[in-house]
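Counting from 519, one number per residue, gives the positions in the sequence shown under our numbering.
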Amino acid sequence: MAAYEELEGKRKDTRIIASGGYTYKLTSIRNNISYLACRESYCSATAKLQNGLLIGKRPHTHEPSPQNELELKARSMMRQRASHESTRLRDIYDRVLDENPPGSLVRCAMALPLLPANLVLQGVEDLANRAAPYANLGINRFFAYLDSTWVRGVGAEQLSVQGQPRRTNNVMESYHAGLLRKFGIAHPDPWKFLSQVPEGLLLPPEAVGEPVPALVATIAAPRGPQELPQLGVEQAAAAVQGGPQEPPLPEAEQAAAAAAVQGGPQELPLPEAEEAAAAAAVPPPPVPS
Numbered sequence: 519m520a521a522y523e524e525l526e527g528k529r530k531d532t533r534i535i536a537s538g539g540y541t542y543k544l545t546s547i548r549n550n551i552s553y554l555a556c557r558e559s560y561c562s563a564t565a566k567l568q569n570g571l572l573i574g575k576r577p578h579t580h581e582p583s584p585q586n587e588l589e590l591k592a593r594s595m596m597r598q599r600a601s602h603e604s605t606r607l608r609d610i611y612d613r614v615l616d617e618n619p620p621g622s623l624v625r626c627a628m629a630l631p632l633l634p635a636n637l638v639l640q641g642v643e644d645l646a647n648r649a650a651p652y653a654n655l656g657i658n659r660f661f662a663y664l665d666s667t668w669v670r671g672v673g674a675e676q677l678s679v680q681g682q683p684r685r686t687n688n689v690m691e692s693y694h695a696g697l698l699r700k701f702g703i704a705h706p707d708p709w710k711f712l713s714q715v716p717e718g719l720l721l722p723p724e725a726v727g728e729p730v731p732a733l734v735a736t737i738a739a740p741r742g743p744q745e746l747p748q749l750g751v752e753q754a755a756a757a758v759q760g761g762p763q764e765p766p767l768p769e770a771e772q773a774a775a776a777a778a779v780q781g782g783p784q785e786l787p788l789p790e791a792e793e794a795a796a797a798a799a800v801p802p803p804p805v806p807s
């Protein structure tokens, strides 16, 4: 027999039984006895609820997980509050975390960089002492990592951001904030973005040579009206009606083509020089005596 706690499942009509780091789901009810099975699909453990007592039948094949049980309790509490309260979901989430001691300690650790450098180590030690009763949840490993990696590895002087205009120790976050201040908007257009390159914002000053400003000036130059090829009336009409059309013929060829359509094949007109030579080669008509 073991103590247990009944939690609300994802659906309103489902129940979860939590006990000692293990969680069970309800499988059936017979003769006022609730039969349970472990929620882990690979575990064959079973139990039953009878007269308010949890009685195990088959043992578990895995270690208990107090952290998983704690998460289920927090979710169940959030669902219950969300169904009865009219406050924002974010406020309900924050209050549940604040009421959860391990969660509140982790949230306090997020504020350590706001302390002066000489108080950062003391703050980590105070939080680690307050987290000692919850060592079974693994929170002690979090504070051991915080102390070895950030306080002693990076250093309290670099971790602390108190009194700095850029209140962040995240390089990428600081760089994004600098870009936002430089551009003035979150998503600048390409021309405004490229205009910052010669100023050394995106490239170091020594890497900015003549080609970069010239390229930016060329790309960012205003575009004037472009001349488009003019189509003839016949071509435009034919293009609207559909299908690619052949280019128009010269005037002489057009006349020959029209004559050919009207009355058989015709010789193409010769250029002026060839016409004169052909006329000279023809003998003059005989003069009547």
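C-beta atoms are modelled at their ideal positions from N, C-alpha and C, and glycine is treated no differently.
Everything numeric in this text was worked out from a predicted model, so none of it was measured.
Original post:
Is there contact here, the stretch 546 to 560 with the stretch 593 to 606, by at least three beta-carbon pairs under 8 Å?
Top reply: no
Original post:
In three-state DSSP terms, what is S552?
Top reply: Here residue 552 refers to the residue found at position 34 of the sequence shown. If DSSP states are grouped into helix, strand and coil, S552 belongs with the strands.
**OP:** Mind the definition here: the stretch 599 to 615 touches the stretch 544 to 554 only if three or more C-beta pairs lie below 8 Å; say whether that holds.
**Re:** no
Original post:
Residue ranges of each alpha helix (DSSP H) run of no fewer than 4 residues wholly in the stretch 577 to 652, ordered along the chain?
Top reply: 584 to 602, 607 to 617, 619 to 627, 635 to 648
Subject >> N-terminal and C-terminal residue of the alpha helix (DSSP H) that R533 is part of >> reply: Looking up residue 533 in the sequence shown gives position 15. Per DSSP, R533 belongs to no alpha helix (DSSP H); it is in the beta strand (DSSP E), 533 to 537.
Subject >> As assigned by DSSP and simplified to three states, the class of S546 >> reply: Position 28 of the sequence shown, counted from the start, is the residue given in the question as residue 546. DSSP places S546 in strand when its eight states are reduced to three.
**OP:** Specify whether the stretch 561 to 569 and the stretch 606 to 617 touch according to this definition: at least 3 beta carbon pairs, one from each stretch, less than 8 Å apart.
**Re:** no
**OP:** Could you tell me the boundaries of the alpha helix (DSSP H) in which L664 lies?
**Re:** Taking the first residue of the sequence shown as position 1, residue 664 is located at position 146. It is not in any alpha helix (DSSP H) - L664 carries neither H nor E in the DSSP assignment.
Original post:
Looking only at DSSP bridge pairs, what is E523 linked to?
Top reply: Translated into positions along the sequence shown, residue 523 becomes position 5. Per DSSP, A536.
Original post:
First and last residue of the alpha helix (DSSP H) that includes Q568?
Top reply: Your numbering for residue 568 matches position 50 in the sequence shown. Element bounds for Q568: not the alpha helix (DSSP H) but the beta strand (DSSP E), 564 to 568.
**OP:** Pick helix, strand or coil for G696, following the three-state DSSP scheme.
**Re:** Indexing the sequence shown from 1 puts residue 696 at position 178. It is helical.
Original post:
At what residues does the alpha helix (DSSP H) containing S713 begin and finish?
Top reply: As a first step, residue 713 is located in the sequence shown; it is residue number 195 there, counting from the start. Element bounds for S713: 708 to 713.
Subject >> For L677, the residue or residues it bridges with in DSSP >> reply: Here the question's residue 677 lines up with position 159 in the sequence shown. Bridge partners of L677: none, in fact.
Subject >> Buried or exposed by the 16-neighbour rule on C-beta atoms within 10 Å, applied to T541 >> reply: On the sequence shown, residue 541 is found 23 positions in, with the first residue counted as 1. The residue is buried, with at least 16 neighbouring Cβ atoms inside 10 Å.
Original post:
Do you know how far the Cα of I535 is from the Cα of G696?
Top reply: Reading the sequence shown from its first residue, position 178 is the one you call residue 696. Reading the sequence shown from its first residue, position 17 is the one you call residue 535. If I take the Cα positions, the gap works out to 51 Å.
Subject >> Rounded straight-line distance, which links the Cα of A704 to that of V734 >> reply: As a working note, residue 734 is residue 216 in the sequence shown. As a working note, residue 704 is residue 186 in the sequence shown. Low per-residue confidence applies at V734: pLDDT is 49, beneath 50, and the placement is therefore not dependable, though the value from the model is reported in the following sentence. Approximately 21 Å between the Cα atoms of the pair.
Subject >> Nearest-angstrom beta carbon gap, G621 and L630 [assumed within contact, 8 Å] >> reply: Here the question's residue 630 lines up with position 112 in the sequence shown. Here the question's residue 621 lines up with position 103 in the sequence shown. Rounded, the Cβ-Cβ distance is 16 Å, inconsistent with contact.
Subject >> Per-residue DSSP class, three states only, for V734 >> reply: As a first step, residue 734 must be located in the sequence shown, where it is residue number 216. With a pLDDT of only 49 at V734, under 50, the local geometry of the prediction cannot be trusted, and the value read off the model is given with reservation. V734 falls in the helix class under three-state DSSP.
Original post:
According to DSSP, is G671 helix, strand or coil?
Top reply: In the sequence shown, counting from the first residue as 1, residue 671 sits at position 153. Three-state DSSP puts G671 in a helix.
Original post:
If you draw a straight line from the C-alpha of G538 to the C-alpha of A653, how long is it?
Top reply: Indexing the sequence shown from 1 puts residue 538 at position 20. Indexing the sequence shown from 1 puts residue 653 at position 135. Cα to Cα, the separation comes out at about 15 Å.
**OP:** Ignore the nearest five residues each way along the sequence and tell me which others in Q680's own chain have a CB closer than 7 Å to its CB.
**Re:** As a first step, residue 680 must be located in the sequence shown, where it is residue number 162. Around Q680: L632, L633, P634.
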